[in-house]
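See the structure below:
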């Protein structure tokens, strides 16, 4: 995609006078967009693909902070609040991004309509991250896992890439994940295949996930904006 072919993105009217200051970059799946240690202050707008924002501790433990997709902003946004969350940003798929320099972004911030969109997008993600942390504190992992399976299953079949990927998505250790899976198998709630989990007691799983579902889905319909 070239800069002269981006008229359809919803921020085009705001950035069109700064196109000479904005570049398009392509990042392959698995490659870094920014490292936690890098002194990079650009903001990126995702034209296509999906990225993950991940914090890696000194001990090597990784925590999935966020996943961001097309038509959203990503970057060291914490710098705007004079903070640094020390996160790596990696391409989850092949990604095409607009790279907006700090100086250009400062100009865009002077437009109230652009700022409204940007703050809505970022604050919505903060809201969901906060809700995810709240759920983790309020409920047992067994309940969280049951909700995740139910929400992402089709015809009572939940497909997954790997147990490692599930650990990453759910921010849980392999030991804890396997313990819960084995427990649900013993209760005859689920049956595990090589790359899928079959729900065999839907009623019991619904009951187990009820509390998480109530908190997860509250007010989602209210969190909308026309852009």
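In the working numbering, the protein residues as written are 5 to 231. By construction, the Cβ of each residue, glycine as well, lies at the ideal position given by its N, Cα and C atoms.
Nearest neighbour of residue i, chosen from the options [CA to CA]
i, options, result
"residue 180", "63, 95, 146, 142", "146"
"residue 94", "50, 134, 58, 25", "58"
"residue 141", "28, 123, 219", "219"
"residue 101", "191, 39, 72", "72"
"residue 25", "54, 210, 111, 39", "111"
"residue 79", "126, 65, 121", "126"
"residue 17", "135, 130, 121", "121"
"residue 234", "113, 206, 144, 128", "Residue coverage of the chain in this structure runs from 5 to 231, which leaves residue 234 outside it and unanswerable."
"residue 54", "43, 63, 35, 65", "35"
"residue 168", "23, 199, 114", "199"
Proximity below 9 angstroms, CB of residue i to CB of residue j
i, j, result
"residue 162", "residue 153", "yes"
"residue 77", "residue 48", "yes"
"residue 104", "residue 201", "no"
"residue 33", "residue 52", "no"
"residue 21", "residue 106", "no"
"residue 222", "residue 209", "no"
Residues near residue i in its chain [Cβ-Cβ closer than 6 angstroms; skip 5 each side]
i, result
"residue 31", "37, 95, 99"
"residue 109", "47"
"residue 164", "170"
Chain-order list of residues whose beta-carbon lies under 7 angstroms from that of residue i (same chain, five-residue window excluded)
i, result
"residue 213", "147, 150, 151, 154"
"residue 228", "With a pLDDT of 49 at residue 228, under the threshold of 50, the modelled position of that residue is not reliable, and the figure given next carries that caveat. Nothing meets the Cβ criterion."
"residue 156", "162"
"residue 56", "68, 71, 94, 96"
"residue 29", "101, 103"
"residue 11", "none"
"residue 215", "143, 147"
"residue 27", "103"
"residue 139", "148, 216, 219, 220"
Other residues of its chain near residue i: CB distance less than 8 angstroms, five sequence neighbours each side excluded
i, result
"residue 67", "58, 59, 60, 61, 175"
"residue 196", "185, 189, 202"
Beta-carbon separation (whole angstroms), residue i vs residue j, contact threshold 8 angstroms
i, j, result
"residue 204", "residue 217", "19 angstroms between Cβ atoms; not a contact."
"residue 166", "residue 92", "Not a contact, Cβ separation roughly 20 angstroms."
"residue 15", "residue 124", "In fact, because the Cβ distance is near 12 angstroms, the residues do not count as touching under 8 angstroms."
Quick check on the DSSP output: what are the complete beta strand (DSSP E) runs of length 3 or more inside the stretch 89-133, in order along the chain? Taken in chain order, the complete beta strand (DSSP E) segments of 3 residues or longer contained in the stretch 89-133 are 91-95, 99-104.
Give, in chain order, every unbroken run of the beta strand (DSSP E) that is at least 3 residues long and sits entirely within the stretch 172-228. Counting whole runs of 3 or more residues, the stretch 172-228 contains the beta strand (DSSP E) stretches 194-196, 200-203.
Which ranges would you report for the beta strand (DSSP E) in the stretch 11-94 if only whole runs of at least 3 residues count? Listed in chain order, they are 26-31, 36-38, 47-52, 54-60, 66-73, 77-79.
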